[in-house]
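Novice: The structure under discussion is supplied below as structure tokens; questions concerning it will follow.
Protein chains in written order, with my numbering: chain A, 201 to 1158; chain B, 11 to 99.
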């Protein structure tokens, strides 16, 4: 049955555009600018959800964003706030938390046993025995409320924006509008953020005079060039120095956009949120707040009932009476709370109010009960700026405590009550003050950036705060009637539960919240915090002010994970040869920020080709730092554990860097290219860390040293040419003398490769083969790469990827920092003690390494046994234990180590590993017990050398 | 997010900088005993009040500098010297 009224002045729906969507499979027609719930209510729907625990039918309570009874599934999106979300063509809307249907929910049986389902029921009942918890959890999980998440949902486009407005105004009611206008007129650039779909706030559900006033303010605001209006957007948090988070749900392209705005001044003007009344049957469909009734009638032209009782303690209740009467609803009784009247209970079926019981003993037949019993001031954003609300006894609500930084101002209903003129006057004065203070912040920031631009004008004097005062109006204290009812609708917490919890000792506001979960649902206390405090105060026999309230933290309204994730600004990096890799069958792998070829089809074949012929690999991500200056050797001496003062021009040396606690941080080779010119390589993706680390030493400890560091990772394309025929191949492309005598192992030469001058080549051997690493100017990387392939065809040259390189380095037993070492691995554990030169004056981590080599501290105390890296070969040559498999003492579960790297070696035709094991298990020939991922055990043997292949390094030195 | 007053670049978002924590004094590595060295590595005063700390302006001037910050109010003031002798981040 349609509940839609004839057209009314002030309605927001567009009757010329019907919108068709489905509700639990059935077609429903609403109008453009209907919310989902208003469209459904217009079509006669009264029940929108089942409650969380008791599965009680629930109808409209607030008819806005905060409505706890109107969260619905829309398509693949669960928990949509359907009293806020607008309808759209073809939406598939369905109820949540109801089975088999909203109309008949079998779990409503919980309601019959509700006296056993009190607060803490789950905690107490399913505690023991602990071994059954997984079973309990499986069953209870099916009781959890909420919609259905579709894991195959395509990723929506979410965006981010950074903004630097002078003034952010949170709230577009009369005070917020006036503040935005005055701030903009005073010279500020203003961002006005409104939670709802339109500006005007409570004026939109007022009379014709209110709507005319709103229209005037709104058109002035939207016409003002210095005001940006964000509708259907929420200021969700205020952080240090007025960093504000704004979720914009109204972006034309993005599903949502997270705006990070550095507001010079934040004006908080959210108005007031109407508070429900606690009494028996207060969640029966047909009980709603005055704001809900007024919104349904005035915005959507919906008749919310036929026979109404109105409990009124304020002007909003009186306005609801007028609205209801104008909509043809018979107001059978106005219960005036200001003269002590009140409501005790509703009666009827679980799905419908049929009668209202009053405190005077009478019972009135009605299908609608509208309550207007007071307000909650949403002080969240002020709390986030350090303010704590205080209770105003006369006004029966918490109000701001007045402890705010100069850059945060509050206005409107949040501060106090007043006529429209008074609210607008306060808003104007606040906006003007905000603009003047923003000018000071701006000038101060500019002055602090004086090197870039000297300030042209003096910083203005702080303006006086001479705003008119808004006082909260007196209001009768109405929290709970003489009966018990729902306090938290989302969490299904009854006032009886709170009383019982207080009696059990959970009698502080923070404890009772956590024990009963009251205020912990999706409304986060907007509707239920003050009622929770009031019921607790009653139970403790104290005043609300004495009990105090909980602290509201970010976010003001829930934020989707999509908005938080947003657009990712992390760059991906590719080398100059990337297009070639793509065209030639690379399987890509993401390594740090780099996209690299993992292999080109067959990594084992790539290994064998390097071992027998020659292969080339793109190693551009290798970190590269250009070091210049007379004191470079001293810096190297400080960063690396080994010695660097005697490195000749043309020499290359391997080094390990440790942090000050002796833990391995990075490794790589550094070559001396000229008298005062060095090239340092770091681990792939490690360049940034090493650069900052080196700068730290230079800037803080040795500012007198002459060293300049320039990161050149992407200035060069790096190619490793590896294999027994690499010399022959490279010889065809360069004029540099490659003969072993002229260009030996661990040397560097400068020259031309494939006609590219300024190329650096050094002879090193990560793969264990004769190899040359080329660093050629990046613009010519592809030229050199293709020349190598072209000129080496008869030598069997082929590209190889990261996987083949990793296999070969494992065959050679080279550890990888971060793979075979972790945040506890000090350098002696790597087996490279010989590279720790304690006879140097100083280097990073020296004292710790000295004590570690001693096996203990300087005072003789021996530390706990530390693991060492060893090479390991499984007894079963075809079994490759997964990396991170534990090594245990035979026959026990005592861990003595773990596998850190493992592969099948195509060269040796067997599985090979590196691992970290305790000293008791490091001797060559020790048989280890390895626990595989399926829990079975196998054995493996510790090898004498880290290198599984060519331990003498003969192949490197040819 | 804090605005950190880089002495060279002016106020910048804290995310533009790297925070290295309380500024420490590195003991002489050739003579430090384990207590002194590990105090340098791990122990911080963590005062509720003014603290001298090290920042690195990684997205701007790439300079290390010290600032004084009030850990209760997050108020900043410039420290008298960028780095005293021996001071380390």
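Note that CB positions come from ideal geometry on N, CA and C, so glycine has one too.
Would a check of beta-carbon distances place residue 66(B) closer than 8 angstroms to chain A?
Specialist: Cβ-Cβ to chain A under 8 angstroms: yes for residue 66(B).
Novice: Does the CB of residue 464(A) have a neighbour CB from chain B at under 8 angstroms?
Specialist: Residue 464(A) is outside the set of residues whose beta carbon lies under 8 angstroms from a beta carbon in chain B.
Novice: Three-state secondary structure (DSSP) at residue 1077(A)?
Specialist: The answer is coil: DSSP assigns residue 1077(A) none of H, G, I, E or B.
Novice: May I ask you to list, following chain order, the residues of the stretch 903-924 of chain A that have a beta carbon less than 9 angstroms from some beta carbon of chain B?
Specialist: 903
Novice: Where does residue 448(A) fall in DSSP's three states?
Specialist: strand
Novice: Which of the three DSSP states is assigned to residue 538(A) in this structure?
Specialist: helix
Novice: Of all Cβ atoms in chain A, is any one closer than 8 angstroms to the Cβ of residue 40(B)?
Specialist: yes
Novice: If you measure beta-carbon to beta-carbon, which residues of the stretch 426-448 of chain A are closer than 8 angstroms to chain B?
Specialist: 439, 440, 441 and 443
Novice: Going along chain A in order, which residues have a C-beta closer than 9 angstroms to the C-beta of residue 59(B)?
Specialist: By Cβ distance, chain A contributes nothing, its closest Cβ being about 17 angstroms from residue 59(B), past 9 angstroms.
Novice: By the criterion of Cβ-Cβ separation under 7 angstroms, what are the contact partners of residue 1047(A) in chain B?
Specialist: 39, 42 and 47
Novice: Whose Cβ in chain A lies nearer than 8 angstroms to the Cβ of residue 100(B)?
Specialist: Given that chain B is displayed from residue 11 to residue 99, the structure contains no residue 100(B) and the question cannot be resolved.
Novice: Please report whether the beta-carbon of residue 73(B) lies at a distance below 8 angstroms from any beta-carbon of chain E.
Specialist: Protein chains A and B are contained in the structure displayed, whereas chain E is not.
Novice: Tell me where the alpha helix (DSSP H) around residue 52(B) begins and ends.
Specialist: Where residue 52(B) is concerned, the enclosing alpha helix (DSSP H) starts and stops at 44-52.
Novice: Quick one: is the Cβ of residue 416(A) within less than 7 angstroms of any heavy atom of the ligand ADP?
Specialist: The ligand ADP is not part of this structure, which contains no ligands at all.
Novice: Can you tell me which of 897(A), 231(A) and 798(A) puts its alpha carbon nearest to the alpha carbon of residue 838(A)?
Specialist: 897(A)
Novice: Using a C-beta cutoff of 8 angstroms, does residue 31(B) count as contacting chain A?
Specialist: no
Novice: Following the continuous beta strand (DSSP E) through residue 695(A), name the residue where it begins and the one where it ends.
Specialist: First-last for residue 695(A): 695-703, but that is the alpha helix (DSSP H), not the beta strand (DSSP E).
Novice: Please go through the same chain and pick out, in chain order, the residues whose beta-carbon is closer than 6 angstroms to the beta-carbon of residue 1053(A), but skip the five residues on each side of it.
Specialist: 1028
Novice: List the residues of chain B whose Cβ lies closer than 9 angstroms to the Cβ of residue 156(A), in chain order.
Specialist: Residue 156(A) falls outside the range modelled here, since chain A spans only 201 to 1158, and no answer is possible.
Novice: Please list the segments of the alpha helix (DSSP H) lying wholly inside the stretch 530-591 of chain A, counting only runs of 4 or more residues, in order along the chain.
Specialist: 580-584
Novice: Just tell me which of 1048(A), 1105(A) and 487(A) has its CA closest to the CA of residue 803(A).
Specialist: 1105(A)
Novice: DSSP beta-bridge partners for residue 961(A)?
Specialist: According to DSSP, which records beta bridges pairwise, residue 961(A) is partnered with 949(A) and 974(A).
Novice: Once you ignore the five residues that flank residue 1082(A) on each side, which residues in its own chain have a CB closer than 8 angstroms to its CB?
Specialist: 1099, 1102, 1132 and 1133
Novice: Closer than 7 angstroms by beta-carbon distance: list the chain A residues that pair up with residue 70(B), in chain order.
Specialist: None at all; the shortest Cβ gap to chain A is about 11 angstroms.
Novice: Along chain A, in chain order, which residues have C-beta atoms closer than 7 angstroms to that of residue 51(B)?
Specialist: 860 and 861
Novice: So if I threshold CB-CB distances at 7 angstroms, which residues from the stretch 635-650 of chain A count as touching chain B?
Specialist: 645, 648 and 649
Novice: Taking 8 angstroms as the threshold (beta carbon to beta carbon), is residue 115(B) in contact with chain A?
Specialist: Residue 115(B) cannot be examined here, being either before or after the span of chain B that is shown, 11 to 99.
Novice: In angstroms, rounded to a whole number, what distance separates the CA positions of residue 263(A) and residue 890(A)?
Specialist: 57 angstroms
Novice: Any idea what DSSP makes of residue 1047(A), helix, strand or coil?
Specialist: helix
Novice: Alpha carbon to alpha carbon, what distance is there between residue 43(B) and residue 1058(A)?
Specialist: Unreliable placement is indicated for residue 1058(A), whose pLDDT of 47 sits below 50; the coordinate value is still reported in the next sentence. One C-alpha to the other measures close to 7 angstroms.
Novice: So with Cβ pairs under 8 angstroms, would you call residue 973(A) a contact of chain B?
Specialist: no
Novice: Leaving out the 5 sequence neighbours to the left and right, which residues in its chain are closer than 6 angstroms to residue 808(A) when beta-carbon positions are compared?
Specialist: 1106
Novice: In whole angstroms, give me the CA-to-CA distance for residue 12(B) and residue 578(A).
Specialist: Linking residue 12(B) to residue 578(A) through their CA atoms gives a straight-line distance of about 25 angstroms.
Novice: Going straight from the alpha carbon of residue 956(A) to that of residue 976(A), what length do you get?
Specialist: Cα to Cα, residue 956(A) sits roughly 7 angstroms from residue 976(A).
Novice: Any Cβ of chain A within less than 8 angstroms of the Cβ of residue 77(B)?
Specialist: no
Novice: From this set, 676(A), 723(A), 912(A) and 974(A), which residue's C-alpha is nearest residue 816(A)'s C-alpha?
Specialist: Out of 676(A), 723(A), 912(A) and 974(A), 974(A) has the C-alpha closest to the C-alpha of residue 816(A).
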